[in-house]
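Numbering (this note's numbering), first residue to last: 304 to 564. Below is one structure, written out as structure tokens; comments come after it.
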């Protein structure tokens with residue numbers, strides 16, 4: 304009887320929401336196969352394992368830094384705000400230098416253009432000079448629908464992303480209470496998505512490539528974690544990622560250490 308009471312007490316004391324988090328996503332590719340991305344989360348640390356890639360990827364929320372080690376070569380690369388800012392400065396300079404000759408030639412032609420052509424030419428130049436304000440991404444709209452679905456028994460809410468009224472992306476977001484993970488692990492994963500968006504979008508914009516359709520969840524006030532993402536093109540729809548499983552089990556801290564062999 305005493306043993307049973309002890310077991311009951313241990314079960315009652317155990318709360319999976321306070322354990323570490325492992326989240327696995329299936330990533331379909333062009334060959335109709337499915338790779339996986341696995342997120343291991345422990346407090347402010349996140350490790351991303353991409354199937355088929357011999358790399359260690361660790362995101363440190365407290366430092367806002369992403370570190371990658373190529374296990375084949377031992378090469379280490381780091382991404383943080385300072386490094387991104389330096390790269391963006393170079394890309395901006397390269398883009399603007401290339402535009403100088405184009406702008407000079409266009410200014411000559413503007414004198415003889417009619418009003419409609421002139422407006423279109425000026426808009427094109429603005430997109431090239433100021434992609435952060437005039438690029439295609441600036442026309443993206445996000446709408447919360449009334450539709451919910453279940454991905455592996457986890458309820459999520461569908462958001463539509465449209466560009467010029469055309470559906471380009473659909474995201475099903477699961478809230479913290481539906482995911483049943485700890486608030487800290489949820490915060491770390493959200494911070495990683497924010498870091499990833501900021502890094503990718505800023506570099507692409509600086510290079511003049513502003514036609515991306517991914518969105519900033521924080522800026523658009525979209526809560527939760529994406530458990531299914533579908534992209535839409537003129538060729539049809541394609542699933543970009545879908546939740547496979549979530550585990551709430553303790554993770555060894557060594558899993559997040561940056562080591563070279």
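Heads up, the beta-carbon is just placed ideally off N, CA and C, and yes, glycines get one too.
Could you check whether residue j and residue i sit closer than 8 angstroms to each other, using their CB atoms as the reference points?
i, j, result
"residue 561", "residue 372", "yes"
"residue 545", "residue 474", "no"
"residue 382", "residue 502", "yes"
"residue 338", "residue 355", "yes"
"residue 327", "residue 548", "yes"
"residue 497", "residue 521", "yes"
I want to see whether chain B comes within less than 8 angstroms of residue i, judged by CB atoms only; does it?
i, result
"residue 415", "Among the protein chains of the structure shown there is no chain B, as only one such chain exists."
Per DSSP, what kind of secondary structure is residue i in: helix, strand or coil?
i, result
"residue 398", "helix"
"residue 559", "helix"
"residue 490", "helix"
"residue 531", "strand"
"residue 356", "coil"
"residue 328", "strand"
"residue 552", "coil"
"residue 524", "coil"
"residue 423", "helix"
"residue 477", "strand"
"residue 537", "coil"
"residue 347", "coil"
Give me the DSSP bridge partner(s) of residue i.
i, result
"residue 369", "362 and 382"
"residue 340", "328 and 353"
Give every residue of the same chain whose Cβ lies closer than 6 angstroms to the Cβ of residue i, excluding the five residues on either side of it in the sequence, and list them in chain order.
i, result
"residue 359", "372"
"residue 481", "457 and 458"
Here's a check: name, in chain order, each residue in its chain whose Cβ is nearer than 8 angstroms to the Cβ of residue i, leaving out the five neighbours to either side.
i, result
"residue 315", "The pLDDT assigned to residue 315 is 38, lower than 50, so where the model puts this residue is not dependable; a value taken from the coordinates is nonetheless given after this. Result list for residue 315: empty, nothing under 8 angstroms."
"residue 306", "With a pLDDT of 49 at residue 306, under the threshold of 50, the modelled position of that residue is not reliable, and the figure given next carries that caveat. Closer than 8 angstroms at Cβ, skipping near neighbours: no residue."
Ignore the nearest five residues each way along the sequence and tell me which others in residue i's own chain have a CB closer than 7 angstroms to its CB.
i, result
"residue 402", "431 and 432"
"residue 424", "409, 413 and 416"
message: Tell me whether the region 431-450 and the region 511-519 touch, counting them as touching only if at least three CB pairs, one residue from each stretch, are closer than 8 angstroms.
response: At 8 angstroms Cβ cutoff, the stretches touch.
message: Can you confirm whether the region 483-497 touches the region 406-420 when touching is taken to mean that 3 or more C-beta pairs between the two stretches lie within less than 8 angstroms?
response: No: the two stretches stay apart, fewer than three of their Cβ pairs being nearer than 8 angstroms.
message: With three or more beta-carbon pairs closer than 8 angstroms as the criterion, would you say the region 526-541 touches the region 465-484?
response: Contact between the region 526-541 and the region 465-484 is present: 3 or more CB-CB pairs across the two stretches fall below 8 angstroms.
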